[in-house]
Every structure is written in structure tokens, then in C-alpha cells.
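Undergrad: Mapping of the sequence shown onto this note's numbering: residues 20 to 137, in sequence order.
Dropping a structure here in C-alpha cells format, bear with me for questions.
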Amino acid sequence: MTKKWISRNCDDCEAKEGELHKMGCSVEMCSICGRQLISCGHVSQDGEYKKLLFRVPYVRVPNICALCGEQWPQVFKVAQATWKKYVIPELQHTVLCRECYEELKRMFPEGWRNVINV
Ligand SMILES: [Zn+2]
Ligand SMILES: [Zn+2]
Ligand SMILES: [Zn+2]
Numbered sequence: 020m021t022k023k024w025i026s027r028n029c030d031d032c033e034a035k036e037g038e039l040h041k042m043g044c045s046v047e048m049c050s051i052c053g054r055q056l057i058s059c060g061h062v063s064q065d066g067e068y069k070k071l072l073f074r075v076p077y078v079r080v081p082n083i084c085a086l087c088g089e090q091w092p093q094v095f096k097v098a099q100a101t102w103k104k105y106v107i108p109e110l111q112h113t114v115l116c117r118e119c120y121e122e123l124k125r126m127f128p129e130g131w132r133n134v135i136n137v
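Following this line, the structure appears as C-alpha cells:
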């Protein structure tokens with residue numbers, strides 16, 4: 020079986036999925052409180068992880084397009100006002116791939132606020 024999600028190494032310390040982060044990595048989560056390990060206070064200044072029962076290995080949850088489920092869609096920029104014009108409220112705070120965004124524009128050429136049933 021090949022893994023179904025697409026992996027990326029840690030943006031900060033380059034750890035591979037399934038491995039522990041390097042000491043001091045800003046991405047590592049605290050297994051006690053769930054916050055950022057280097058700032059939550061559960062690890063001492065000199066970088067000792069003694070007080071922690073477990074360290075959390077790195078697994079990256081992919082960004083996915085909320086409509087088609089594509090993993091790691093290419094990032095694109097649109098003006099906030101344009102985004103809100105074509106993307107319905109339910110999807111405004113999600114990630115969309117370019118094609119799905121363009122599809123919404125085709126669906127609502129005047130923006131979703133101007134859809135009326137005839
Ligand atoms: Zn890391
Ligand atoms: Zn903590
Ligand atoms: Zn999509």
C-alpha cells in the first residue's frame with residue numbers, strides 16, 4: 020500500500036514524516052498542552068524535554084481544496100472583495116484550488132449575491 024496523502028518535510032527543521040522534530044523546531048506541538056512546544060513552558064530553556072512524557076512525531080496534515088479534495092492545491096492570490104463575491108460564505112474560510120475557484124466564477128458570473136430564480 021502506498022500512502023494516500025502527499026508528504027512534505029517540516030518547513031522549519033526538515034524532519035521527515037514519522038520522525039521527531041529537531042530540538043527547538045517551532046512547528047513541534049507539546050503533547051501535554053497541544054500548543055507550540057518551544058513557547059508553551061513545558062520545556063526548560065536549555066532545551067530539555069525531560070518533563071514531557073511523549074514527544075509528538077511529525078505528520079503534516081495537507082491543505083486540501085474544500086470542494087474537490089485535491090491535496091496541496093497551488094496557492095493563488097485574489098483580492099478579498101473578489102473572493103467574497105464569487106465564493107459562498109460557507110467556503111470563504113477554506114482552501115480552494117484554482118480550478119474550483121474558476122468554476123464558482125463561471126457558476127456565478129455576477130457573484131453569488133446576484134443569483135435569482137426565474
Ligand atoms: Zn520540525
Ligand atoms: Zn505544553
Ligand atoms: Zn478543487
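Even for Gly, the Cβ is constructed at its ideal location relative to N, Cα and C.
Bear in mind that the values here come from a model prediction, so they are computed numbers and not experimental data.
Please work out which residues of its chain come closer than 6 Å, Cβ to Cβ, to L39, disregarding the five sequence neighbours upstream and downstream, and give them in chain order.
TA: Hits under 6 Å: R74 and P76.
Undergrad: Tell me whether the beta-carbon of V114 lies closer than 8 Å to the beta-carbon of I135.
TA: no
Undergrad: Please name the residue in L123, V46 and G53 whose C-alpha comes closest to that of A161.
TA: Because the chain is modelled from 20 through 137, residue 161 falls outside the range shown and cannot be assessed.
Undergrad: Would you say H112 touches ligand 1, meaning its beta carbon is less than 7 Å from a heavy atom?
TA: no
Undergrad: Among residues of its own chain, excluding the 5 on either side of K104, which ones have a beta-carbon nearer than 7 Å to its beta-carbon?
TA: G130
Undergrad: Out of curiosity, what's the CA-to-CA distance linking E89 and V78?
TA: 18 Å
Undergrad: The alpha helix (DSSP H) spanning M126 covers which residue range?
TA: R117 to M126
Undergrad: Compute the Euclidean distance between the alpha carbons of C49 and P128, then round it to the nearest angstrom.
TA: 46 Å
Undergrad: Name the DSSP bridge partner or partners of Q90?
TA: I83
Undergrad: Among T101, Y120 and E109, which residue has its Cα nearest to the Cα of Q93?
TA: Y120
Undergrad: Quick one: Cα of I25 to Cα of M126, how far?
TA: 30 Å
Undergrad: By how many angstroms is the C-alpha of L110 removed from the C-alpha of R132?
TA: 14 Å
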